[in-house]
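S.K.: Dropping the structure in here first, questions after.
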Amino acid sequence: MSQLGIPSSLAATSKLVCLERKKWYTKRTLPSIQDQPLLRLPYELLRKNFRSAHYHIEWDSNFVKDLLKQTANGSVTGKLSQQDVVNNLDQMLARMNGLKRKLTACAEEENRLYRQADARVSHLRELANVHTVDDVKYESWSRQRLDRLIVDYMLRHGYTASATSLAQEREMLELVDIDTFVAMANVRTSLQNGSVTEALAWCSDNKKELRKSGSNLEFMLRCQQYIELVRNLKLIEAITHAKKYIIPFTETYPTEANHIAGLLAHSTHTHHVEPYASYFSPSRWQMLADLFTEANLKLLGLPMFPLLHIALSSGLSALKTPACHSREQNQSQQGKQPSSSANGISTAPNKKSATPEAQGRDKEHHGTASLTTSVCPICSTELNALARNVPYAHHSQSHLLEHDLMILPNGRVYGKARLDEYATMSSLPPGKIKDLVTGQIFEADSLRKVFIT
Amino acid sequence: MATEKPKLEVLQEDFQKLQKLPRLSAAVDNVDKIIQLLTAARNQVAETLDSSNASVLLKLQNPVKSAFDSVNDGLKGVAGAHKKMGKALDKSFPVKPLPMDHDAMAGQVPLINRAIAMHLLREGQFSVASTFIEEVQASRNHDTPAELDETMDEDDDDDDDAETNENANEDEELDDADDATSTTSSTENYDLSSLHSKELQENFAVMYKIIQDLKAKNLGPAINWARANSVELEARGSNLEFELTKLQYVWLFKGPAVNGLPDDEFNGRFGALRYAQESLLRFSPRYESDISELAAALAYAPNLEESPYRPTFVTETAFGDVSSSFTREFCSLLGLSAESPLYLAATAGALALPQLMKYTQKVRSKGTEWTTANELAFETPLPKSMLYHSIFVCPVSKDQTTDANPPMMIPCGHVLAKETLQKLCKGTRFKCPYCPSEGHMKDARQIIL
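See below:
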């Protein structure tokens, strides 16, 4: 990276950087990829809802039409008595009433999804009306976005009660997808508890789409059913099951089908013979649960991992600087005993244990920001450990938080204004200054100007 | 681009058009029609003689069929509406692949949980936070029953032990970051039981109470807090205590008509004077000039509006200002940043995301990869308010300085990265790239920004 030689056109470079920044400035308040699922999901759910409505209509209308024809024929030929005809008509009515009930549910769901989509577009529109990041409206929008991301994260981890109560507290039920994730979590939990029934039902609901996406979920579930039969030594049933559900897919999944056949010979007592032993492993249930989650997310067009993760991994890096985990700074901070012996604040007798590592950190920060600044978010307890392994932000220019930098004899650099202010505040005699971090007192004459290019 | 109609506006209009398109409710109406037909036929059959059955049923065939046909036609309309919606979405919000193929945060669940719990506490969402902590702990115990004992061990009694462990592990983690097993074992320590959520919650509850009082223009609790922590505040160089006391004086000065406090000897100008004698004077050496200004204003009291002291007595924004500096100091004394770090990180993440996406696209199309894991390969500009550390980029090498490559000041006062300086050296001497002066390597000094 490091090339020697004095940059010939520093001015030109900085101009370019400015231009780049300006372009970015106008773009940054637009909804980003994080908001993509917000609108896509209602659309996918609308289509899914439509498919199930279509299926109900198809199924029940064929039944009614056929029965009506039969009944008419029967009554013309006189095969059916009056009572038979009434019974048949009652049957048709029962079917149609059932269909009406199901369709009403679908229609309500459709209205709800349209409402949701509208609410979400208006929510995103709000952001489009905000033009700069410094706008107060941007802040409240961004806070709501974080709440959305947190709810999404909680739902994906199955913390449903937390997600629901946060969404209610923040009045944003239209902006989060609790029902979708709860349904997903239920199937997932049933798999983790060793039941394939719910997952198979889901597969049959989404047969077409699963086939289209080439998912092996159903096959894997059928294999698991077979494995359980073998485990319980119901070998005849296992063979029948395999004939029906596994043999037809031998060409698609040759390895698994082979192993499955081999399982019969090995049964459960050959724990150590691979690959058969792993088929009996209880960890397969977790694998199936993950497989199901993946298939379900894919079908709904949702990202595979929480959106909060994406926001965090890009945000942590953008905020992180080499100083955030610097040993230099940590040591200097340890070297200095906190000026106050009364370490705890009165309201928080236990604060030491609450934030052990952060204790000294705020002291260190006097050195890097203005006299009473806030602690850097990456240095703050919440994120410090989390940010440890992410790369720090790239900067092509120095960014100094202070002007008129002066170097102290101990090598520390501060802005002149802040040194003066601190000296007054500490009631130092004229001609003396005090190090904001270490508390050392120096002659003002010993300071030198520093030039940062 | 800029002159075009904003995409979301277009999308919203497109969505509004969907309102008028057919919905599934039409199918419900048609099914209802069929039910009516069937019911009528059934009643007719049940009431009349055998012979007329056939004709009733034959007459039923066509209306039922056409009703089913209109159900299906309705469905076509509904499907068409959905298709339009899909097109509108594709036009205004085309599907883009996520900027990451793998989840960089996958192994960090305990840490993220902790960050979320602290965020919720900080936002004052105490009940959500406690639900969340319960759910996280329940799922942990469910996943790994063996760890239950471990969690139980970390009781309140051995806080100190837990603390030292945590610190030790933290250092260990730094050294063995590559070693997967040790990383996991030390992240375990960052679970929610080490959060001490109770104390945090108590602290934040105190903070919220004081902020609420400040909103209600009651400065008392804040002043008490500042006084109790005056040593730490002073060490931080904060003048919060004085600012609060000063505002209290100003507030009393304004009298019952403005502050709504009881009209007695503790309020109004005399109350303010009395308060100044009790509370303000102890700040006298340091804030001499402020105090004399406040006192002098008493003389101008009848006509304060036209006096030179007017600005000091404007309280419109004062309570808000004092409240935000209170929040900052309170959090800083806890070692926490004043704004929720999770909020800042998520916001910065959203701002940096376009850059990340652009970068991933280019990397994908070229099939290359950035090899330096320590530093991002692209710039992610953030607003000034999101810069917390001074950053020094060596003007020659364009590298950011780090512990290993610190900034060095050469005798003429210019600053370069250490590695740059080493490369500039001919023997032990170098010439400054920015001015004619020369220097010795031994005269260069490391600086701490």
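From first to last, the protein sequence lines are chains E and X. Residue numbering for the first sequence follows the working numbering, starting at 11 and increasing by one per position. Residue numbering for the second sequence follows the working numbering, starting at 1000 and increasing by one per position. From the three backbone atoms N, C-alpha and C, an ideal C-beta is built for every residue, glycine too.
#1: Taking Cβ-Cβ distances below 7 angstroms as the criterion, which residues of the stretch 174-205 of chain E are in contact with chain X?
#2: Listed from N- to C-terminal order along the chain, which residues in the stretch 1071-1095 of chain X have their beta-carbon within a distance smaller than 8 angstroms of any beta-carbon of chain E?
#3: Does Gly88(E) come out as helix, strand or coil in the three-state DSSP assignment?
#4: Taking only beta-carbon atoms, is Tyr1342(X) less than 8 angstroms away from chain E?
#5: Leaving aside the five residues before and after Ile451(E) along the sequence, list all residues of the same chain whose C-beta is less than 8 angstroms from its C-beta, in chain order.
#6: Below 8 angstroms, can you find three or more Cβ-Cβ pairs linking the stretch 1345-1363 of chain X to the stretch 1373-1380 of chain X?
#7: Using the three-state DSSP reduction, which class does Met416(E) fall into: helix, strand or coil?
#8: Considering only C-alpha positions, which residue in the set Leu457(E), Asn139(E) and Gly272(E) is nearest to Leu415(E)?
#9: Check Val423(E) in the structure and name its three-state DSSP category.
#10: If you reduce the DSSP assignment to three classes, tell me which class His1439(X) lands in.
#11: Tell me which residues share the same chain as Ser487(E) and place their Cβ nearer than 8 angstroms to its Cβ, disregarding the 5 neighbours each side in the sequence.
#12: Under a three-way DSSP split, which group does Leu946(X) fall into?
#13: Using CA coordinates, which residue listed in Lys1095(X), Pro1284(X), Phe1265(X) and Asp1013(X) is at the minimum distance from Thr1359(X)?
#14: Taking the continuous beta strand (DSSP E) assigned at Val1414(X), which residues delimit it?
#15: In chain order, what residues of the same chain lie with their CB nearer than 7 angstroms to the CB of Gly1412(X), ignoring the 5 residues before and after it?
#16: Within 10 angstroms of its Cβ, does Cys1434(X) collect 16 or more other Cβ (buried), or is it exposed?
#17: Quick one: complete alpha helix (DSSP H) runs, 4+ long, within the stretch 1236-1300 of chain X?
#18: Counting contacts by CB-CB distance shorter than 8 angstroms, is Thr1400(X) in contact with chain E?
#19: Please report how far the alpha carbon of Tyr124(E) lies from the alpha carbon of Asp1212(X), in whole angstroms.
#20: Can you pull the chain E residues whose beta carbon is under 7 angstroms from the beta carbon of Tyr1433(X), in chain order?
#21: Quick one: residues in its chain with C-beta nearer than 8 angstroms to the C-beta of Leu239(E), no 5 flanking neighbours on either side, listed in chain order?
#22: Say whether chain X places a C-beta atom closer than 8 angstroms to the C-beta of Met435(E).
#23: Measure from the C-beta of Asn121(E) to each C-beta in chain X and report whether the shortest distance is under 8 angstroms.
#24: Within the 8 angstroms Cβ cut-off, does Ala328(E) reach chain X?
#25: In chain order, what residues of the same chain have a beta carbon less than 7 angstroms from the beta carbon of His1439(X), not counting five sequence neighbours either side?
#26: Per DSSP, which residues does Phe461(E) bridge with? Please list them.
#27: Note down, in chain order, each residue of its chain lying with its Cβ closer than 7 angstroms to the Cβ of Leu201(E), except the 5 sequence neighbours on either side.
#28: Does any C-beta atom of chain E lie closer than 8 angstroms to the C-beta of Glu1187(X)?
#29: Contact criterion: CB-CB distance below 8 angstroms. Does Pro387(E) meet it with respect to chain X?
#30: Would you mind sorting Ala1403(X) into buried or exposed? The rule is 16 or more other CB atoms within 10 Å of its CB.
#31: Rounded to a whole number of angstroms, what is the C-alpha to C-alpha distance between Leu393(E) and Gln1421(X)?
#32: Expressed to the nearest angstrom, what Euclidean distance is found between the alpha-carbon atoms of Glu412(E) and Asp187(E)?
#33: If contact means a Cβ-Cβ distance below 7 angstroms, which residues of the stretch 416-442 of chain E contact chain X?
#34: In whole angstroms, what separates the C-alpha of Met1356(X) from that of Leu1097(X)?
#35: Counting pairs of beta carbons, one from the stretch 285-295 of chain E and one from the stretch 1302-1317 of chain X, are three or more of them closer than 8 angstroms?
#36: Is Leu1243(X) close to chain E, meaning its C-beta is less than 8 angstroms from at least one C-beta of that chain?
M.R.: Working from what's here:
#1: Ser175, Leu176 and Glu179
#2: Asn1071, Leu1074, Val1077, Ala1078, His1081, Met1084, Gly1085, Leu1088, Phe1092, Val1094 and Lys1095
#3: Here residue 88(E) refers to the residue found at position 78 when the first sequence is read from its first residue. Here Gly88(E) sits in coil by DSSP.
#4: Within the second sequence, residue 1342(X) is the residue found at index 343, counting from 1. Yes, Tyr1342(X) counts as interfacial toward chain E.
#5: On the first sequence, residue 451(E) is found 441 positions in, with the first residue counted as 1. Hits under 8 angstroms: Leu438, Lys442, Ile443, Lys444 and Asp445.
#6: yes
#7: As a position in the first sequence, residue 416(E) is number 406, starting the count at 1. Here Met416(E) sits in strand by DSSP.
#8: Position 405 of the first sequence, counted from the start, is the residue given in the question as residue 415(E). Closest by alpha carbon: Leu457(E).
#9: Sequence index remark: in the first sequence, residue 423(E) carries index 413 (1-based). Correct three-state label for Val423(E): strand.
#10: On the second sequence, position 440 is the one that residue 1439(X) refers to. Strand.
#11: Lying outside 11 to 463, the shown extent of chain E, residue 487(E) is not represented and no answer is given.
#12: This structure cannot settle anything about residue 946(X), because the visible part of chain X is limited to 1000 through 1448.
#13: Translated into the one-based positions of the second sequence, residue 1359(X) becomes position 360. Nearest of Lys1095(X), Pro1284(X), Phe1265(X) and Asp1013(X) to Thr1359(X), Cα basis: Lys1095(X).
#14: Counted from its first residue, the second sequence places residue 1414(X) at position 415. Per DSSP, Val1414(X) belongs to the beta strand (DSSP E) from Val1414 to Ala1416.
#15: For the purposes of this step, residue 1412(X) is identified with residue 413 of the second sequence, where counting begins at 1. No residues qualify anywhere along the chain.
#16: Along the second sequence, read from residue 1 onward, the residue named residue 1434(X) stands at position 435. Flag for Cys1434(X) reads exposed.
#17: 1239-1252, 1255-1258, 1267-1274 and 1287-1295
#18: Taking the second sequence and counting its residues from 1, the one referred to as residue 1400(X) is at position 401. Yes, its Cβ sits closer than 8 angstroms to a Cβ of chain E.
#19: By 1-based counting over the first sequence, the position of residue 124(E) is 114. By 1-based counting over the second sequence, the position of residue 1212(X) is 213. So the two alpha carbons sit approximately 43 angstroms from each other.
#20: Counting from one through the second sequence, the residue named residue 1433(X) turns up at place 434. Within chain E, the residues near Tyr1433(X) are Thr463.
#21: Walking along the first sequence from the start, residue 239(E) turns up at place 229. Same-chain partners within the cutoff: Leu245, Glu247, Ala248 and His251.
#22: Your numbering for residue 435(E) matches position 425 in the first sequence. Taking Cβ atoms only, chain X reaches closer than 8 angstroms to Met435(E), which makes this a yes.
#23: Translated into the one-based positions of the first sequence, residue 121(E) becomes position 111. Chain X contact via Cβ: present.
#24: In the first sequence, residue 328(E) corresponds to position 318, counting from 1. For Ala328(E), the answer is yes, since a Cβ of chain X falls inside 8 angstroms of its Cβ.
#25: The count along the second sequence starts at 1 and reaches residue 1439(X) at position 440. Within the same chain, His1439(X) has close Cβ partners Thr1427 and Arg1428.
#26: Within the first sequence, the letter at position 451 stands for residue 461(E). Note: Phe461(E) sits in a beta bridge opposite His1413(X).
#27: Locating residue 201(E) in the first sequence gives position 191, where the first residue counts as 1. Ala209, Trp295, Leu298, Ala299 and Phe302.
#28: Here residue 1187(X) corresponds to residue number 188 of the second sequence, with the count starting at 1. Note that Glu1187(X) scores 42 on pLDDT, short of 50, meaning its location in the model is unreliable and no value can be drawn from it.
#29: Working through the first sequence from its first residue, we reach residue 387(E) at position 377. Chain X contact via Cβ: present.
#30: The residue you call residue 1403(X) lines up with position 404 of the second sequence. Exposed, by the Cβ-count rule.
#31: Translated into positions along the first sequence, residue 393(E) becomes position 383. Translated into positions along the second sequence, residue 1421(X) becomes position 422. Taking the straight line from one Cα to the other gives about 36 angstroms.
#32: Here the question's residue 412(E) lines up with position 402 in the first sequence. Here the question's residue 187(E) lines up with position 177 in the first sequence. One C-alpha to the other measures close to 46 angstroms.
#33: Ile417, Gly421, Arg422, Val423, Tyr432, Met435 and Ser437
#34: The residue labelled residue 1356(X) in the question sits at position 357 within the second sequence. The residue labelled residue 1097(X) in the question sits at position 98 within the second sequence. Each residue's alpha carbon lies about 8 angstroms from the other.
#35: no
#36: Translated into positions along the second sequence, residue 1243(X) becomes position 244. No, Leu1243(X) lies away from the interface with chain E (no Cβ there is under 8 angstroms from its Cβ).
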